[in-house]
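Asker:
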Amino acid sequence: MHIPFGDFKRQYFELQRELDDAVLQVMRSGAYILGPAVKGFEADFAAYCEVPHCIGVGNGTDAIQLGLVALGVGVGDEVITVANTGVPGTAAIVAIGAIPVFVDVDPVTRNMDPRCIEQAITPRTKAIMPVHLYGLMADMPAILAIANHHGIPVIEDVAQAHGARLHGARAGSMGAVAAFSFYPSKNLGAIGDGGAITTTDAGHDELLRKLRVYGWERKYYSTVDAGMNTRLDEVQAAMLAVKLRYLDASTARRVKIASYYCEQCADLGLILPTTPAGYEAVYHLFVVESAHRDTYMTRLKAAGVSTDIHYPMATHHQPIYKRYAPNGGLAVTERQAQTVFSLPNFPELTDSEVEFVAQTVRSVAATIEAK
Ligand SMILES: Cc1ncc(COP(=O)(O)O)c(C=O)c1O
Numbered sequence: 128m129h130i131p132f133g134d135f136k137r138q139y140f141e142l143q144r145e146l147d148d149a150v151l152q153v154m155r156s157g158a159y160i161l162g163p164a165v166k167g168f169e170a171d172f173a174a175y176c177e178v179p180h181c182i183g184v185g186n187g188t189d190a191i192q193l194g195l196v197a198l199g200v201g202v203g204d205e206v207i208t209v210a211n212t213g214v215p216g217t218a219a220i221v222a223i224g225a226i227p228v229f230v231d232v233d234p235v236t237r238n239m240d241p242r243c244i245e246q247a248i249t250p251r252t253k254a255i256m257p258v259h260l261y262g263l264m265a266d267m268p269a270i271l272a273i274a275n276h277h278g279i280p281v282i283e284d285v286a287q288a289h290g291a292r293l294h295g296a297r298a299g300s301m302g303a304v305a306a307f308s309f310y311p312s313k314n315l316g317a318i319g320d321g322g323a324i325t326t327t328d329a330g331h332d333e334l335l336r337k338l339r340v341y342g343w344e345r346k347y348y349s350t351v352d353a354g355m356n357t358r359l360d361e362v363q364a365a366m367l368a369v370k371l372r373y374l375d376a377s378t379a380r381r382v383k384i385a386s387y388y389c390e391q392c393a394d395l396g397l398i399l400p401t402t403p404a405g406y407e408a409v410y411h412l413f414v415v416e417s418a419h420r421d422t423y424m425t426r427l428k429a430a431g432v433s434t435d436i437h438y439p440m441a442t443h444h445q446p447i448y449k450r451y452a453p454n455g456g457l458a459v460t461e462r463q464a465q466t467v468f469s470l471p472n473f474p475e476l477t478d479s480e481v482e483f484v485a486q487t488v489r490s491v492a493a494t495i496e497a498k
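In terms of my numbering, the sequence shown is residues 128 to 498.
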């Protein structure tokens, strides 16, 4: 048996008729940019996230960049964030001339550790950006308490946590603005690039709608700076609207697979993902930790199970971002970069594939323990 880490085609074929119809409808409509499909999807996704406003953009990195601009972040301003992601948030910060200030993550949740924020705040701090990594929300109540005390806005990076909740609140509804990616592997994934920003603030909504079209207030009339061309396109929006209807079901499947892995791998000495009380994780990724990571990955691959590392190099160790490395480093982030690896977890995996993954992990663990 060969188990892929992901398989975009399976999801397409499951929804083929509806997706094909959605695309054909756009092609036949002749409305290709910011038309009814984007408008409809924005309304549906805002309702899903339980916020009044959603602005579709070209991808998740642009969503972060424009979200920061909407919060007034610019050249020389500092943004507090984490270093255990695949770098898009940092790229967005640096693209607008701002400075990423990295803080460590909590060893259990692997998300921004609120205990590290206070000492990172300076007079130049203009935003705090937690990332809801792997499908689990960061500790927003603690982060917001510190941020509100200092009058600093919070931007949520929700690229990996569509539909997650914390004490009932949806991911993307708690910060001043929130950025989503619809990259194909995401829990809600397009067939290409896509992104969105959600906000509860009508002023941010109005500004972001200008920022995504060059800064135009109306056609050929520019009133705001730092505008871009970054629009969610009609074809992607039409397909996302179809997939959104199945998001809760596909999330439930991810959660079920994750619970099964946790149950089957509980006694192997692997550090498993933890969902603290009050959190509803959506398991974008199923990430475990082991000091024997490389052996696990090699032997799993030999047995037919694909794995991946999210992420192999912390952002402050990346060649171009080393200049932002904090004094003393980031102990938890750095340790996890050496030990984390991800097992396949996507909704279209069959039960027998999921059982095969768990059994193979168990067999490999036995060979490692026997060493
Ligand atoms: C945590 C995180 N933030 C931001 C992004 C950027 O999204 P995109 O690839 O759509 O630009 C991604 C996905 O790649 C991500 O995983």
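Think of the CB as a built atom: it goes at the ideal place given N, C-alpha and C, for glycine as much as any other residue.
Nothing here was measured: the structure is a model prediction, and the numbers come from that model.
1) Would you say GLN287 touches ligand 1, meaning its beta carbon is less than 6 Å from a heavy atom?
2) Measuring from the CB of ASN186, is there a heavy atom of ligand 1 at a distance below 6 Å?
3) Using DSSP with H/G/I as helix, E/B as strand and the rest coil, what is ASP71?
4) Is GLN391 near ALA485, with beta carbons less than 7 Å apart?
5) With DSSP as the reference, please indicate the residues paired to VAL369 in a beta bridge.
6) Would you report the Cα separation of GLU141 and GLN363, rounded to the nearest angstrom?
7) What's the call for ILE220, buried or exposed, on a 16-neighbour Cβ count within 10 Å?
8) Going by beta carbon distance, what residues of the same chain come within less than 6 Å of ASP435, once the five residues before and after it are set aside?
9) DSSP three-state call for GLY456: helix, strand or coil?
10) Would you mind sorting GLY157 into buried or exposed? The rule is 16 or more other CB atoms within 10 Å of its CB.
11) Any idea if PRO403 is buried or exposed, counting beta-carbon neighbours within 10 angstroms, 16 or more meaning buried?
12) According to the Cβ coordinates, are THR466 and ASP231 closer than 7 Å?
13) Measuring only the C-alpha atoms, how far is PHE307 from GLY316?
14) Please state the DSSP three-state secondary structure of SER377.
15) Have a look at HIS129, GLN138, MET128, VAL214 and flag the residue whose alpha-carbon is nearest the alpha-carbon of PRO577.
16) Under three-state DSSP, which class holds LYS383?
17) With a threshold of 6 Å (Cβ to nearest heavy atom), would GLY322 be considered close to ligand 1?
18) Check the DSSP bridge columns for ARG297 and list the partner residues they point to.
19) Taking the continuous beta strand (DSSP E) assigned at MET267, which residues delimit it?
20) With which residues is ILE398 paired in a DSSP beta bridge?
21) Hey, is the segment 352–370 in contact with the segment 445–460, meaning 3+ C-beta pairs nearer than 8 Å?
22) Suppose the cutoff is 8 Å on Cβ atoms and the five residues either side in sequence are ignored; what does the same chain contact list for GLY203 look like?
23) Could you pull the start and end residues of the beta strand (DSSP E) that ARG237 belongs to?
24) Please give me, in chain order, every unbroken run of the beta strand (DSSP E) with length at least 3 that falls completely inside the segment 130–212.
Answerer: Per the coordinate set shown:
1) yes
2) yes
3) A question about residue 71 goes unanswered here, because the residues of the chain that appear run from 128 up to 498.
4) yes
5) Bridge partners of VAL369: none, in fact.
6) 17 Å
7) buried
8) PHE132, SER469
9) coil
10) exposed
11) exposed
12) no
13) 10 Å
14) helix
15) Since the first and last residues shown for the chain are 128 and 498, residue 577 lies out of range.
16) helix
17) yes
18) ARG292
19) Per DSSP, MET267 belongs to no beta strand (DSSP E); it is in the alpha helix (DSSP H), 267–277.
20) GLU416
21) no
22) GLY224, ALA225, ILE226, ARG251
23) ARG237 -> no beta strand (DSSP E), and no H or E assigned at all.
24) 180–184, 205–208
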